[in-house]
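The opening position of the sequence shown corresponds to residue 19 in our numbering, with each subsequent residue numbered one higher. Don't be surprised by glycine CBs; every beta carbon is placed ideally from N, CA and C.
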Amino acid sequence: MERTIRIRNRPGGRLWARIGRKQIICLAAGLFLGMAAQLWQRTDSGLLEGNTLARGSYGQGNQTYSLMVEGLEKKAVPVEMVLSERVYTKQEALKAYEAVMEQLPKLILGNNPSLEDVRQDLNLLTYLDSYGIRLRWESDEPELLDSFGELHVHEMKQRGIDEQGIRINLHVRMTEGKWPEEYELSVCVKPPVLTEQEQTEAAFAEFLKKEDELQSTTAYMKLPKEYQGRSLQYSLPEESVFVPVMGLGAAGAVLCFLKDRAGLQNRAEARKRQLALDYPEVLSRLTIFLGAGMSIRTAWDKIALEYNMMVEQGRRRKRYVYEEMYETSCRMKGGVPEGSAFEEFGRRCGLQSYMKLGGLLEQNRKNGSKNLKNLLRTEMTDAFEQRKHQARRLGEEAGTKLLLPLFILLSVVMVMIAVPALMEFK
Numbered sequence: 019m020e021r022t023i024r025i026r027n028r029p030g031g032r033l034w035a036r037i038g039r040k041q042i043i044c045l046a047a048g049l050f051l052g053m054a055a056q057l058w059q060r061t062d063s064g065l066l067e068g069n070t071l072a073r074g075s076y077g078q079g080n081q082t083y084s085l086m087v088e089g090l091e092k093k094a095v096p097v098e099m100v101l102s103e104r105v106y107t108k109q110e111a112l113k114a115y116e117a118v119m120e121q122l123p124k125l126i127l128g129n130n131p132s133l134e135d136v137r138q139d140l141n142l143l144t145y146l147d148s149y150g151i152r153l154r155w156e157s158d159e160p161e162l163l164d165s166f167g168e169l170h171v172h173e174m175k176q177r178g179i180d181e182q183g184i185r186i187n188l189h190v191r192m193t194e195g196k197w198p199e200e201y202e203l204s205v206c207v208k209p210p211v212l213t214e215q216e217q218t219e220a221a222f223a224e225f226l227k228k229e230d231e232l233q234s235t236t237a238y239m240k241l242p243k244e245y246q247g248r249s250l251q252y253s254l255p256e257e258s259v260f261v262p263v264m265g266l267g268a269a270g271a272v273l274c275f276l277k278d279r280a281g282l283q284n285r286a287e288a289r290k291r292q293l294a295l296d297y298p299e300v301l302s303r304l305t306i307f308l309g310a311g312m313s314i315r316t317a318w319d320k321i322a323l324e325y326n327m328m329v330e331q332g333r334r335r336k337r338y339v340y341e342e343m344y345e346t347s348c349r350m351k352g353g354v355p356e357g358s359a360f361e362e363f364g365r366r367c368g369l370q371s372y373m374k375l376g377g378l379l380e381q382n383r384k385n386g387s388k389n390l391k392n393l394l395r396t397e398m399t400d401a402f403e404q405r406k407h408q409a410r411r412l413g414e415e416a417g418t419k420l421l422l423p424l425f426i427l428l429s430v431v432m433v434m435i436a437v438p439a440l441m442e443f444k
């Protein structure tokens with residue numbers, strides 16, 4: 019009995035075959051594109067027939083070529099060469115000038131129909147890219163038509179130029195850098211064409227000018243009430259000042275708000291710094307009085323009362339922590355329990371150190387801790403260390419703030435030294 023054996027393909031066989039075909043296609047495409055790019059690079063490299071470089075056309079500037087030169091050394095040597103642009107010969111320059119002169123009447127027209135009917139500004143070009151030629155213009159009548167092509171209508175009115183116009187010669191000096199030549203163009207300048215409204219305004223302005231001449235000897239000028247049968251009324255243009263003034267008021271309000279807010283923040287920061295600086299002193303005085311046999315309440319009241327008396331006598335400035343201690347002493351005298359008074363003292367000060375002090379005093383009142391002096395002494399040592407760090411940090415901040423004025427002074431000194439030296443060098 020014959021048995022038929024079936025050979026099963028591995029599950030990934032077709033997948034690997036498909037991936038292999040894709041890889042072959044990608045490699046073939048990369049090979050084809052690489053060869054095409056290499057051929058294009060050779061044809062576009064600018065190196066013709068192995069030893070010829072393509073020079074830039076007129077006015078295109080210099081071109082830089084990176085060459086690999088073989089034969090100088092055993093290996094090819096890289097050389098960078100700056101190739102200058104092509105320069106006209108005298109005959110080529112004159113021929114280019116003539117070609118430009120044929121095109122100039124159309125190039126400089128601007129919005130005018132022709133050079134025989136110039137009523138608007140001309141576009142007097144100063145450089146032609148296609149030829150690499152520079153142009154410099156001069157006018158016979160710069161008061162009417164200047165070298166930039168601008169038409170001065172007011173001067174034309176003063177001279178009384180009518181529709182016949184006035185002929186003006188424009189001199190143009192062309193150069194490609196070596197062979198300059200001068201040429202001449204003739205244009206006919208005429209007054210601009212006005213709309214009906216512009217004509218009416220111009221005529222009325224002329225009428226007012228004549229009235230001014232007639233009344234030039236009087237202290238005031240009476241404006242005409244009628245013109246060409248039409249009744250006239252006059253008023254001066256008024257610019258609304260409400261919006262600018264209102265804007266200034268709003269800006270002032272915003273600035274005042276920001277200033278007050280910044281002031282509050284600065285005062286709060288100053289209060290925190292002062293409280294932090296006074297914390298070791300408060301602990302030190304409490305420790306001394308406790309060591310002398312006083313109770314916490316007696317020591318607290320003594321410190322607060324001595325401070326208040328010295329402030330009233332003008333012997334000491336106000337300090338935030340002692341103000342809070344005096345407030346706490348007054349509350350305890352008014353019947354507030356010591357525990358609540360000490361807790362409120364810590365909260366009002368707003369610093370973690372004072373909250374901790376209030377907690378220690380409250381713990382001593384509840385539990386009668388005999389180790390309070392040692393705890394306060396340890397806290398005082400830590401507080402003095404923190405005060406040293408804070409003083410060092412404040413000194414660094416002050417030094418940082420002084421850097422800007424120092425840099426400004428340094429810049430001023432450098433300018434004072436460098437400017438005369440540079441002027442003397444020139």
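Put simply, of LEU112, GLN292, VAL136 and CYS367 the residue whose alpha carbon is nearest the alpha carbon of GLN408 is GLN292. By the Cβ neighbour-count rule, PRO262 is exposed, with fewer than 16 other Cβ atoms within 10 Å of its own. With a minimum length of 3 residues, the unbroken runs of beta strand (DSSP E) contained wholly in the region 111-183 fall at 151-157.
About 7 Å separates the beta carbons of GLN138 and PRO210, which is inside the 8 Å limit, making them a contact pair.
The beta carbon of ILE186 is closer than 7 Å to those of SER157, ASP158, GLU159, LEU162, LEU163, VAL205 and VAL207 in its chain, skipping five residues each way along the sequence. Comparing alpha carbon positions, the residue from LYS175, ARG395 and PRO96 closest to PHE307 is ARG395. Fully contained in the region 349-397 are the following alpha helix (DSSP H) runs of length 4 or more, in chain order: 356-367 and 370-385. With contact defined as three or more Cβ pairs closer than 8 Å, the region 215-226 and the region 139-149 are not in contact.
Of the residues assessed, ASN389 falls on the exposed side of the cut-off, its CB having fewer than 16 other CB atoms within 10 angstroms. Rounded to whole angstroms, LEU153 and MET192 show a C-alpha spacing of 5 Å.
Secondary structure of GLU256 (DSSP, three-state): coil. The C-alpha of PRO423 is placed about 25 Å away from the C-alpha of LEU440. One Cα belongs to LEU304, the other to LEU266, and the distance between them is close to 55 Å. CA-to-CA, the gap between LYS290 and LYS277 works out to about 20 Å. In the DSSP assignment, GLN215 falls within the alpha helix (DSSP H) that extends over 214-232.
If the five residues before and after ARG337 are omitted, its C-beta is found closer than 8 Å to the C-beta atoms of GLN292, ASP296 and TYR325, all from its own chain and listed in chain order. In the structure shown, THR70 falls within a strand segment according to DSSP collapsed to helix, strand and coil.
A residue is called buried when at least 16 other Cβ atoms come within 10 angstroms of its Cβ; VAL190 meets this threshold and is buried. Exclusion of the five residues before and after TYR106 leaves GLU194 as the residues of its chain whose Cβ lies within less than 6 Å of its Cβ. The alpha helix (DSSP H) runs lying completely inside the region 311-343 and spanning 4 residues or more are 314-330, given in chain order. One alpha carbon belongs to PRO298, the other to ILE321, and they sit about 14 Å apart. CA-CA distance, VAL329 to TYR340, rounds to 10 Å. Taking all protein chains in view, the Cβ of ASN382 is crowded by 16 or more other Cβ atoms within 10 Å, so the residue is classified as buried. PRO198 and SER102 have their alpha carbons spaced roughly 20 Å apart. One alpha carbon belongs to ILE179, the other to GLY167, and they sit about 18 Å apart. The Cβ atoms of LEU393 and LEU369 do not sit closer than 8 Å to each other. The residue among MET53, VAL354, LYS228 and GLU356 with its C-alpha nearest the C-alpha of LYS240 is LYS228. The Cβ atoms of PHE363 and GLY376 sit closer than 8 Å to each other. Assignment of beta-bridge partners to THR418 by DSSP yields no partner.
Non-local beta-carbon contacts of HIS170 in its own chain, meaning distances under 8 Å to residues more than five positions away in sequence, involve GLU161, LEU162, LEU163 and ASP164 in chain order.
Cβ-Cβ distances below 7 Å link GLU134 to CYS206 in the same chain, with the five nearest sequence neighbours on each side left out; the list follows chain order.
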